[in-house]
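Colleague:
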DNA sequence: AAGTACGAAATCGTATACGATTACCTTAGC
DNA sequence: GCTAAGGTAATCGTATACGATTTCGTACTT
């Protein structure tokens, strides 16, 4: 055998392109030309094409027949859709995880949240955002339903792609967020029932969304469909 | 131009294969060989391959590298995962649709439900199942969030594939189901708040799942992760 | 008789080539 | 100066071909 580092070329192409989208190298609207990508990555067009279609299925890119692929949009509506969907599936995942959470998990989450509080003081939004995923991962990764877990992962990925091009960090909201994390942990520690946990987890994300909407322009709000507060 | 009936060959291959899976022609475990499918459908392997990968993404088939694709499994756990996920996303979609529902929608749903009641009398499970989708479609199709709506559609599709090979119709449960539909309509008509609607829609599906679990063998239940009643 | 190693067949993975479709630019007409 | 039509270039869609990997059957060894 020759090289065969890891996975097929399709998979490596998928990972490479996704990486560049998430990293902000390919910003929304960027035209993804199959032949060009193939040359850059050193692959042929077929694996690249497959990677693109997969990214399309996860709505990282839009694809038009006989035209090509472009990195998916950034409009506020798309952000709202993603956040709303995530509030629902993540809320459910957290609730389903709750009965299986261990004291060690909670301790770990507390440590992460403490680190997030530090980020507030030293103003480190990048690290704050990374830690935020760590925190929530502890809370939902025990979810016994792999379908739901997959939807949560997709939501976070999508969010990362959207954020790198729009905004990410609202200081006032970040402070609230840390406090809500603490409240969530207290609920879990007390063995709260699934419905309470779900409501809290969902509200936590909805609050972030609302902070964003409050910052957006009136024109943006006018084009934004109903807000999902309940 | 020559023919170009509708859509690309990839899309037609996708539709054709999916049709055969949903229709029960390709039962779970069936080995999908690219070359054979290509010959049967009259296409080349590349479009077929793309179709397979797309079906894989929607978990209609499983795909193993250098081995091939097989129609996805039927185990009770998979059914539970799908139903649980659907209870969550469909519950949310129904709740988000509720404020936008019109009296005409409700009348239409009532008519469908009446037809379902007829199916109970004449024992027509096939039509009952088809009408059931019609009924719920009226309730969730107004959902303004296309992401959530897409998840609902995927869930129903997946369910159809699972059902055609496992079971579908539990007479006692069907009767309950019709009654719950009526209750749901009354809630919507009264302008119930989103949380109430969501709770009812979710419970409606969870009840079907529980009816299935009650029928399953103790051994199956033992391998089934926690039930999502809340 | 059972297990293992070898080899052939089957199947997938990718590259290359060419046809079909679309987009863009240039040019002619008003 | 602007609009419309034509043609060319760019890009996608698919077919075919060949190499890589796996699987399965067979023969040989213990």
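Chains as they are written, first to last, in my numbering: chain H, 1085 to 1314; chain V, 1085 to 1314. C-beta: ideal position from N, C-alpha, C; glycine also. Note that the structure is a prediction, hence the values are computed from the model and not measured.
(1) State the Cα-Cα distance for the pair residue 1093 of chain H and residue 1207 of chain V, rounded to the nearest angstrom.
(2) Taking only beta-carbon positions, decide if residue 1149 of chain V is within less than 8 Å of chain H.
(3) So, is residue 1151 of chain V buried or exposed, given that buried needs 16 or more other C-beta atoms within 10 angstroms?
(4) Starting from the C-beta of residue 1114 of chain H, find all residues in its chain whose C-beta is less than 6 Å away, skip the five residues before and the five after it, and write them out in chain order.
(5) Between the region 1215–1245 of chain H and chain V, which residues of the former have a C-beta closer than 8 Å to a C-beta of the latter?
(6) Counting only C-beta atoms, is residue 1176 of chain H closer than 8 Å to chain V at any point?
(7) Could you tell me the alpha carbon to alpha carbon distance between residue 1278 of chain V and residue 1177 of chain V, rounded to whole angstroms?
(8) Going by CA-CA distance only, name the one from H:1107, H:1116, H:1173, H:1254 that's closest to residue 1363 of chain H.
(9) Considering just the uninterrupted stretch of the beta strand (DSSP E) at residue 1107 of chain H, what are its terminal residues?
(10) Given that a residue counts as buried once 16 or more other Cβ atoms are within 10 Å of its Cβ, and exposed if not, what is residue 1111 of chain V?
(11) Looking at residue 1271 of chain H: is its Cβ nearer than 8 Å to the Cβ of residue 1284 of chain H?
(12) Strictly below 8 Å CB to CB, what residues from chain V border residue 1138 of chain H?
(13) For the beta strand (DSSP E) that residue 1207 of chain V lies in, which residues bound it at each end?
(14) By a C-beta neighbour count over all protein chains shown, 10 Å radius and 16 as the cutoff for buried, is residue 1098 of chain V buried or exposed?
(15) Since residue 1152 of chain H sits in a beta bridge, which residues does DSSP pair it with?
(16) Quick check: the Cα distance between residue 1091 of chain V and residue 1136 of chain H, rounded to an integer number of angstroms?
(17) From residue 1095 of chain H to residue 1143 of chain V, what distance separates their C-alpha atoms?
(18) Decide if the region 1220–1227 of chain V is in contact with the region 1174–1194 of chain V; the criterion is three or more beta carbon pairs, one per stretch, under 8 Å apart.
(19) Within 10 Å of its beta-carbon, does residue 1188 of chain H have 16 or more other beta-carbons around it, so buried, or fewer, so exposed?
(20) Who are the neighbours of residue 1092 of chain H on chain V, taking C-beta pairs under 7 Å?
(21) Give a yes or no on whether 8 Å exceeds the smallest Cβ distance from residue 1297 of chain H to chain V.
Modeller: Put simply:
(1) 53 Å
(2) yes
(3) exposed
(4) 1155
(5) 1228, 1229, 1230, 1231, 1232, 1235
(6) yes
(7) 10 Å
(8) Given that chain H is displayed from residue 1085 to residue 1314, the structure contains no residue 1363 of chain H and the question cannot be resolved.
(9) Looking at the DSSP string, residue 1107 of chain H is not in any beta strand (DSSP E), and its letter there is neither H nor E.
(10) exposed
(11) yes
(12) 1137, 1141
(13) Note, residue 1207 of chain V: premise wrong, no beta strand (DSSP E); not H, not E.
(14) buried
(15) H:1148
(16) 18 Å
(17) 18 Å
(18) yes
(19) exposed
(20) 1149
(21) no
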